[in-house]
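Chemist: Protein chains in written order, with my numbering: chain A, 4 to 173; chain B, 37 to 137.
Beta carbons: idealized from backbone N, C-alpha and C, even for Gly.
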Amino acid sequence: MIASYVFYLFEAVAAISAISLIFIRNVFYGALLLIICLLALAGIFVLAFAEFIAVTQILVYAGGILVVILFGIMLTTKISGKPLVVEHNNKFSATLTGVTFFALLIYALSKESFINTPSVASQENFNNLQLIGIGLMSDFVLPFEIAGVLLLIALVGASVVASSVKSKNT
Amino acid sequence: MFPTEHFLYLGALLFSSGLIVVIVKKNMIMVLLGIELMLNASNLNLVAFNQLHPGSVAGQMFALFVIIVAVCEAAVGLAIIIQVYRYYQTSVPDEVSELNG
Chain A
4 MIASYVFYLF EAVAAISAIS LIFIRNVFYG ALLLIICLLA LAGIFVLAFA
54 EFIAVTQILV YAGGILVVIL FGIMLTTKIS GKPLVVEHNN KFSATLTGVT
104 FFALLIYALS KESFINTPSV ASQENFNNLQ LIGIGLMSDF VLPFEIAGVL
154 LLIALVGASV VASSVKSKNT
Chain B
37 MFPTEHFLYL GALLFSSGLI VVIVKKNMIM VLLGIELMLN ASNLNLVAFN
87 QLHPGSVAGQ MFALFVIIVA VCEAAVGLAI IIQVYRYYQT SVPDEVSELN
137 G
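(1) Between Thr79 of chain A and Ser133 of chain B, how many whole angstroms is the CB-CB distance? I'm expecting something under 8 Å.
(2) Under 8 Å by Cβ, that's how I've got Val83 of chain B and Ala99 of chain B pegged, so tell me the actual separation to the nearest angstrom.
(3) Buried or exposed for Phe143 of chain A, please, with buried defined as at least 16 other CB atoms from any protein chain shown within 10 angstroms of its CB.
(4) Let me check understanding here. Comparing Cα to Cα, which of B:Gln96, B:Ile118, B:Phe85 lies closest to Leu73 of chain A?
(5) Is the closest heavy atom of the ligand ADP to the C-beta of Ser113 of chain A under 6 Å?
(6) Once you ignore the five residues that flank Val57 of chain B on each side, which residues in its own chain have a CB closer than 6 Å to its CB?
(7) Apart from the five residues on each side of it in sequence, which residues of its chain come closer than 6 Å, Cβ to Cβ, to Glu109 of chain B?
(8) What is the rounded straight-line gap between the Cα of Val159 of chain A and the Cα of Arg122 of chain B?
(9) Using alpha carbons as the reference points, say which of A:Leu44, A:Leu154, A:Glu54, A:Ala65 lies closest to Phe10 of chain A.
(10) So for Lys62 of chain B, helix, strand or coil by DSSP?
(11) Cβ closer than 8 Å: which chain B residues qualify as neighbours of Ile5 of chain A?
(12) How far does the alpha helix (DSSP H) with Val144 of chain A in it extend, from its first residue to its last?
(13) Determine the chain A residues that contact Val83 of chain B at a beta-carbon separation under 7 Å, and present them in chain order.
(14) For Asn76 of chain B, which residues in chain A fall below 7 Å Cβ to Cβ?
(15) Across which residues does DSSP place Val30 of chain A in a beta bridge pair?
(16) Rounded to the nearest angstrom, what separates Phe101 of chain B and Ala150 of chain A at their Cα positions?
(17) For Val89 of chain A, which of helix, strand or coil comes out of DSSP?
(18) Drop a sphere of 10 angstroms on the beta-carbon of Ala161 of chain A, count the other beta-carbons inside from all chains shown, and report buried for 16 or more, exposed for fewer.
(19) Under three-state DSSP, which class holds His89 of chain B?
(20) Check whether the segment 9-29 of chain A and the segment 42-50 of chain B touch, using three or more Cβ-Cβ pairs below 8 Å as the test.
(21) So what does DSSP say about Gln96 of chain B, is it helix, strand or coil?
(22) Going by the CB atoms, is the gap between Pro129 of chain B and Met64 of chain B shorter than 7 Å?
(23) Spatial neighbours of Met37 of chain B within its chain, please: CB distance less than 7 Å, with the 5 preceding and 5 following residues excluded, ordered by chain position.
(24) Would the beta-carbon of Ile39 of chain A fall within 7 Å of that of Gly33 of chain A?
(25) What does the alpha-carbon distance come out to for the pair Tyr110 of chain A and Thr40 of chain B?
(26) Tell me the rounded alpha-carbon separation between Ile103 of chain B and Ser166 of chain A.
(27) Once DSSP output is grouped into helix, strand and coil, what is the label at Asn76 of chain B?
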């Protein structure tokens, strides 16, 4: 069963890169680790029959957010030649919060059991891409349009906030 | 089809790691990375639960809109970080303390 090996490989990669993101001190390496984690998640999405989400994940995160974050790192670093190293604070409270939250989630999940095999039909019998296309134009057309407007507003707002030109009133 | 619990365990791990990253790092960009990690953990849960309902793509739609909102949040957040860096010459969130009570 090679698919299950691939699945657990992707899960291990995502888990290890997420955990090492806690301990890494270089911001640039942190961004690269996040991208590894997101690409592994895209692989998991493919294995969970969500191909469109996986492709969107790769396009948006590896192509968009990584570039934006790297530009952010570049623009907020003093030009000194040495890499940007981050200090850690609140170590005890962060560990307490994170470990407690994780233990709570694991406890709740271990109490619950999910029906793993749908009785009527399996996910493989459906064309997910077609279903998403039809859904975006029928049932989900209002959130789709609102998401488009939100993207437009956010990108215009981001470029206005980040621009260094002062407005005439101030 | 893989067991749903394994998706959910990974989601819990990713969310907790993102939470710790948000609290522990003294750099605004690292905090942003932690928020992205938490959003992706929720995405993983949505996709995992969508598996249990064949023929329905509501969970994947939710995941898609979460990705869109994450993009907006990253763009606006980085713009604010750059503007704060220009004004205060720092990217440590604790040093921006002019509104301290």
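Modeler: Straight from the coordinates:
(1) Incorrect: roughly 18 Å between the Cβ atoms, too far for contact.
(2) 6 Å
(3) buried
(4) B:Ile118
(5) In the structure shown, the ligand ADP is absent, as is every other ligand, since no ligand is present at all.
(6) Gly70
(7) none
(8) 20 Å
(9) A:Leu44
(10) coil
(11) The premise fails here: Ile5 of chain A is roughly 13 Å from chain B at the closest Cβ pair, so nothing lies under 8 Å.
(12) 144-165
(13) Phe48, Ala51, Ala53, Ile56
(14) Leu41, Leu44
(15) DSSP output for Val30 of chain A lists no bridge partner at all.
(16) 7 Å
(17) coil
(18) buried
(19) coil
(20) yes
(21) helix
(22) yes
(23) Gln87
(24) no
(25) 15 Å
(26) 25 Å
(27) helix
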